[in-house]
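Residue numbers (the numbering used here): 72 to 157. Just so you know, even glycine gets a beta-carbon here, dropped at the ideal spot from N, CA and C.
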């Protein structure tokens with residue numbers, strides 16, 4: 072158990088940040104899922120539009136520390152490759 076006021080404050084802060092980061096991660100996953108669904112459906116225009124919307128969300132996730140930059144780059148690369156082969 073935290074004894075110092077600073078440690079107690081850090082616990083409160085960490086709980087709040089975990090909620091915010093979880094919401095960010097969920098939002099990014101939803102954008103990626105829209106791309107996946109469009110690819111599975113064979114909808115090239117829809118997939119390209121969804122990919123264009125997902126790209127800044129992934130970049131924002133990197134900037135906020137939710138994703139590592141290489142993870143985001145790998146996801147974008149793989150999705151872009153799959154969309155281009157439609």
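Taking DSSP as the reference, what is the three-state secondary structure of residue i?
i: residue 136; result: coil
i: residue 141; result: helix
i: residue 90; result: helix
i: residue 118; result: helix
i: residue 157; result: coil
i: residue 113; result: coil
i: residue 74; result: coil
For residue i versus residue j, is the C-beta distance shorter than 8 angstroms?
i: residue 158; j: residue 145; result: Here the chain covers residues 72 to 157 and nothing more, so residue 158 does not appear.
i: residue 110; j: residue 137; result: no
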